[in-house]
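Heads up, the thing below is written out as structure tokens.
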Amino acid sequence: MTATRPPTTFGPGPAGRRPTALEAANPLDRGTLRTRLANRLVLAVGLAWTLVPLLWMLLSSFKSKTEVTAPTPSLWFTPTLDNYVGLFSGANNLTPYLVHSVLAAGLSAVLATALGALAGYGLAHTRMRGKKHLSFWIISTRMAPIAAVVLPLFLIFRGLGLIDSIAGLVLAYLTFDLPFAIWLMSAFFADLPPALEESALVEGATRWQAYWHVVLPLTRSGLVTTFVLCLVFAWNDYAFALVFSGPSSQTLPMAASQLVTQTGIDWGQLCAIGVFVVVPMMLAGLAVRRWLVTGLTLGAVTGE
Amino acid sequence: MTTTAPVRPAPTDTAPLRRRGLRFEGRLLTPGVLLLAPLSLLPFGFIVVMSLSRVHLLGGVRFDFAGLTNWVRVFSDPDVGMAWLRSLAYFVLTVGLEMLLGVVFALCLWRVLRGRNTALSLLLLPMFVAPVFVGLLGRFLTDSTFGLYAWVLRHLGIETDVLGSQGTAFAAVVLMDVWEWTPLITMIALAGLSSVPLAIREAAALDGTSGWQLLRYVVLPSISSVLLVALLIRSMDAIRYFDIIWVTTNGGPADATKIVPVRLYEVAFRFFDLGYAAAIGLLMLLVSIVVARAFVRLLDRRGPAR
Chain A
35 MTATRPPTTF GPGPAGRRPT ALEAANPLDR GTLRTRLANR LVLAVGLAWT
85 LVPLLWMLLS SFKSKTEVTA PTPSLWFTPT LDNYVGLFSG ANNLTPYLVH
135 SVLAAGLSAV LATALGALAG YGLAHTRMRG KKHLSFWIIS TRMAPIAAVV
185 LPLFLIFRGL GLIDSIAGLV LAYLTFDLPF AIWLMSAFFA DLPPALEESA
235 LVEGATRWQA YWHVVLPLTR SGLVTTFVLC LVFAWNDYAF ALVFSGPSSQ
285 TLPMAASQLV TQTGIDWGQL CAIGVFVVVP MMLAGLAVRR WLVTGLTLGA
335 VTGE
Chain B
451 MTTTAPVRPA PTDTAPLRRR GLRFEGRLLT PGVLLLAPLS LLPFGFIVVM
501 SLSRVHLLGG VRFDFAGLTN WVRVFSDPDV GMAWLRSLAY FVLTVGLEML
551 LGVVFALCLW RVLRGRNTAL SLLLLPMFVA PVFVGLLGRF LTDSTFGLYA
601 WVLRHLGIET DVLGSQGTAF AAVVLMDVWE WTPLITMIAL AGLSSVPLAI
651 REAAALDGTS GWQLLRYVVL PSISSVLLVA LLIRSMDAIR YFDIIWVTTN
701 GGPADATKIV PVRLYEVAFR FFDLGYAAAI GLLMLLVSIV VARAFVRLLD
751 RRGPAR
């Protein structure tokens with residue numbers, strides 16, 4: 035932390051230049067070698083801490099049974115696709131689990147997003163009395179502890195015959211996806227400038243036409259973000275599936291936990307399932323990265 | 451906020467409000483609210499009734515009114531008391547570490563100009579991993595015979611079955627949660643940092659303030675409200691999830707990781723004491739509502755959006 039370089043120009047400079055004014059003005063970076071190295075080091079450690087488990091899972095999914103459980107971890111081995119082939123053939127065929135997961139998570143995300151797109155607009159613009167209570171009810175439904183929701187739903191579903199059905203899982207996932215979608219969409223709608231919608235109304239459009247042809251297309255990114263996050267929450271669920279699913283509705287996380295048996299765990303196979311379950315959600319999540327902050331803070335913080 | 455009077459308004463808008471039924475906003479709200487109501491209020495009603503009953507499952511579901519028996523048990527059961535204490539420790543450690551590491555990573559990323567987006571994308575990946583797989587991966591990495599992390603620990607001279615003894619098992623489940631959710635804090639803090647006005651940073655830099663002073667008196671205060679949002683969001687989810695513990699230690703060894711939701715699942719779906727579990731669940735709900743209240747208050751103060 036020595037000599038201050040007063041900034042003269044702004045904006046990041048071309049690659050390979052000396053530290054730019056923007057960096058100099060950045061209070062934590064005075065460009066001294068020591069602080070820059072420390073900074074890089076912390077980031078490198080953080081990246082390693084984050085990525086090693088994921089890379090190890092990826093690597094292990096290509097290992098044979100004996101190599102996976104070798105006492106000395108190896109980086110060099112003959113890769114095999116056996117674990118992936120095993121996912122769709124033989125005793126641990128994953129196809130029904132995949133179908134259940136896609137149906138349960140997909141349907142709940144579609145329903146939540148559709149209803150959220152309608153109700154979110156209503157919530158953002160309504161001036162009715164009790165609006166505060168309504169929105170608080172919605173957010174507290176989203177935030178209710180899963181265990182406290184599963185318990186009464188278990189009795190209700192038993193009474194309605196919804197245990198071990200896709201419909202039951204969809205409803206269970208809607209308990210958190212629907213309030214999330216309503217709340218988040220209302221945040222996206224509230225951020226839109228009202229001028230465009232107003233001009234559509236002035237042109238003679240009905241409220242519905244203005245909503246459908248002007249407002250909704252403007253929040254396309256909001257819709258996609260809401261859908262992706264709803265999908266991720268439902269796809270990754272384990273606590274609900276543990277109680278509500280049976281042979282005809284078990285989802286992928288259940289398949290993984292069923293590979294864990296008393297007699298031993300086929301870790302290679304498990305890593306392959308892991309890659310299979312995790313990678314699509316990562317891709318979907320990164321696809322909406324720009325709006326992720328808004329989405330995951332339920333609209334409280336806007337990013338970039 | 452809402453539109454001003456349109457030139458050719460839809461029929462309902464001309465009518466005095468509330469006389470011709472719902473306005474446009476109300477009509478859009480209806481389907482979602484109609485579906486959410488049974489999904490939210492019905493379970494709530496059930497759990498209240500359950501907490502005041504003995505629930506029989508065999509031979510058809512039957513509630514026998516039991517007064518406050520379950521509630522007396524909740525407040526006198528030492529096992530549940532311990533579970534609350536463990537939950538508190540788990541909560542403070544996970545959320546505390548996540549906030550600390552998340553802010554540190556965000557500050558580091560903020561200083562990097564080239565490759566920031568790539569680094570951030572990579573750092574975010576754990577958030578999308580299903581908690582079950584976080585737990586299973588944790589078991590895989592710490593397995594005492596072939597786990598990668600166990601192997602590293604062995605070479606550092608630490609020979610232990612990580613998930614097999616109480617202290618290390620607790621530390622392990624905490625670290626797994628920290629691994630998964632630190633990225634969320636990093637992302638939120640970075641969004642806050644990006645909105646720190648350049649002018650403030652320049653002015654401070656011109657004044658010749660030292661890096662730590664700047665951090666303490668300029669940077670952190672200007673992202674404090676964003677950090678509060680991060681804290682509340684993370685707190686609400688920390689109360690919700692327990693999948694990681696369920697698939698790694700299942701509350702063991704010797705109850706070392708038995709936090710409240712794990713205890714609830716055990717009471718409900720292993721001992722089938724549903725009335726008692728309902729009382730525990732209602733208490734949890736109460737805690738999450740208090741946090742949600744704080745979150746909404748914060749939003750109200752920050753902007754007119756809601």
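Going down the list, the sequences are from chains A and B. Residue numbering for the first sequence follows this note's numbering, starting at 35 and increasing by one per position. Residue numbering for the second sequence follows this note's numbering, starting at 451 and increasing by one per position. The beta carbon of each residue, even a glycine, is placed where N, CA and C say it ideally should be.
Excluding the 5 residues flanking it on each side, A:Met288 has same chain C-beta neighbours closer than 8 Å at Tyr131, Tyr272, Ala275, Leu276 and Ser279, in chain order. When beta bridges are read from the DSSP output, A:Thr295 appears opposite A:Gly298.
Runs of beta strand (DSSP E) with 3 or more residues, each lying fully within the region 171 to 255 of chain A, are absent. The CB of B:Phe515 never comes closer than 9 Å to any CB in chain A; the least such distance is about 16 Å. Residue contact check for A:Ala178 against chain B: a CB pair falls below 8 Å. Out of B:His605, B:Ile635 and B:Arg561, the CA that lies nearest to the CA of B:Ser674 is found in B:Ile635.
Taking CB atoms only, A:Arg241 has a neighbour in chain B less than 8 Å away. Annotated as distal: B:Val584 and B:Glu652, with beta-carbon spacing of 8 Å or more.
Burial state of A:Leu286 is buried, judged by a 10 Å Cβ sphere holding 16 or more other Cβ atoms. One alpha carbon belongs to B:Leu507, the other to B:Ala487, and they sit about 26 Å apart.
With a cutoff of 8 Å on beta-carbon distance, B:Ile689 and B:Ala533 are scored as not near each other. Here A:Arg176 is buried, its C-beta having at least 16 other C-beta atoms within 10 Å.
Under the three-state reduction of DSSP output, B:Arg504 falls in the strand class. Between the alpha carbons of B:Pro481 and A:Ile197 lies a distance of about 25 Å.
Restricting attention to A:Val133, A:Trp90 and A:Ala181, the CA atom closest to the CA of B:Leu714 is found in A:Ala181. Listed in chain order, the beta strand (DSSP E) runs fully inside the region 680 to 724 of chain B amount to none, counting runs of at least 3 residues. Per DSSP, reduced to three states, the secondary structure at A:Phe261 is helical.
Looking only at B:Gly702, B:Ala654 and B:Leu670, the smallest Cα-Cα distance to B:Ala639 is reached by B:Leu670. Contact between A:Ile200 and A:Leu137 holds: CB atoms are separated by about 5 Å, below the 8 Å threshold.
Fully contained in the region 97 to 162 of chain A are the following alpha helix (DSSP H) runs of length 4 or more, in chain order: 99 to 102, 116 to 121 and 129 to 159. From the listed residues B:Ala744, B:Val740 and B:Ala727, the smallest Cα separation to B:Arg523 is found for B:Ala727. Of all residues in the region 231 to 259 of chain A, the ones placed with a Cβ closer than 7 Å to any Cβ belonging to chain B are Glu231, Glu232, Leu235, Val236, Gly238, Thr240 and Arg241, in chain order. Leaving aside the five residues that flank A:Ala318 on each side, the residues in its chain whose CB is nearer than 6 Å to its CB run, in chain order, Val262. Boundaries cannot be given for B:Phe596, as no beta strand (DSSP E) includes it and DSSP labels it neither H nor E. Nearest in C-alpha terms to B:Gly701, of all of B:Tyr667, B:Ser685, B:His605 and B:Leu613, is B:Leu613.
The count of Cβ pairs closer than 8 Å, one atom from the region 496 to 512 of chain B and one from the region 720 to 739 of chain B, reaches three, so the stretches are in contact. Contact annotation: A:Gly329 and A:Thr253 have beta-carbon atoms that are not nearer than 8 Å.
Partner residues in the beta bridge of B:Phe513, as assigned by DSSP, are B:Val505.
Interface annotation, B:Gly531: not in contact with chain A, CB-CB separation never under 8 Å. Listed along chain A, the residues sitting closer than 7 Å to B:Phe583 by beta-carbon distance are Ala290, Gly308, Val311 and Val312. Cβ contact annotation for A:Leu128 (same chain, cutoff 8 Å, sequence separation greater than five): Leu121, Phe122, Leu286, Ala289, Ile307 and Phe310, in chain order. For the pair A:Leu226 and A:Asn270, the Cα-to-Cα distance works out to about 31 Å. Contact check for A:Gly156 against B:Leu485 fails: the beta carbons are separated by 8 Å or more.
Going by C-alpha positions, A:Trp242 is about 48 Å away from B:Val542.
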